[in-house]
Amino acid sequence: MSFNEQTIKTIANLARLKFPKEDEAKFMADIDSILNWVEQLKGVDVTGIEPLVSVSPRENAIRSDVVTEGNIQSELMANAPESVQGFYEVPRMVE
């Protein structure tokens, strides 16, 4: 698949890229080589291979969604340098 100048300009506009006109030929060649590589990948036989979600064999540590502690606001506020009406008070960051 080859690109013309208008296609490169459209792609650059969509990607919000600006580059000199003399670099258009280089970008056309780069995109063309990338798409040729993708075409080569389409030829790979992947029958019988399960899709991967992750390359590591770890599984999610799933636990039941049960409240283990509750109503400990006073304990949490004991660690706060300052609190107002049961909430942490922090210095103002935006004026």
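Numbering (this note's numbering), first residue to last: 822 to 916.
Quick reminder that beta carbons are idealized off the backbone N, C-alpha and C, glycines included.
These numbers were taken from a predicted model, which means no experiment stands behind them.
Using the three-state DSSP reduction, which class does Phe840 fall into: helix, strand or coil? coil
Is any heavy atom of the ligand ADP found at a distance shorter than 6 Å from the C-beta of Ala899? Looking for the ligand ADP in the displayed structure turns up nothing, as the structure carries no ligands at all.
What is the DSSP secondary structure of Val905, counted as helix, strand or coil? strand
Range covered by the alpha helix (DSSP H) that runs through Ile855: 845–863
Beta-carbon proximity list for Val905, same chain, < 7 Å, skipping 5 on both sides: none
C-alpha gap between Ala899 and Arg884, whole angstroms: 29 Å
Closer than 8 Å is the cut-off here; do at least three beta carbon pairs connect the segment 842–849 with the segment 862–870? no
Quick one: grab the DSSP three-state call for Thr831. helix
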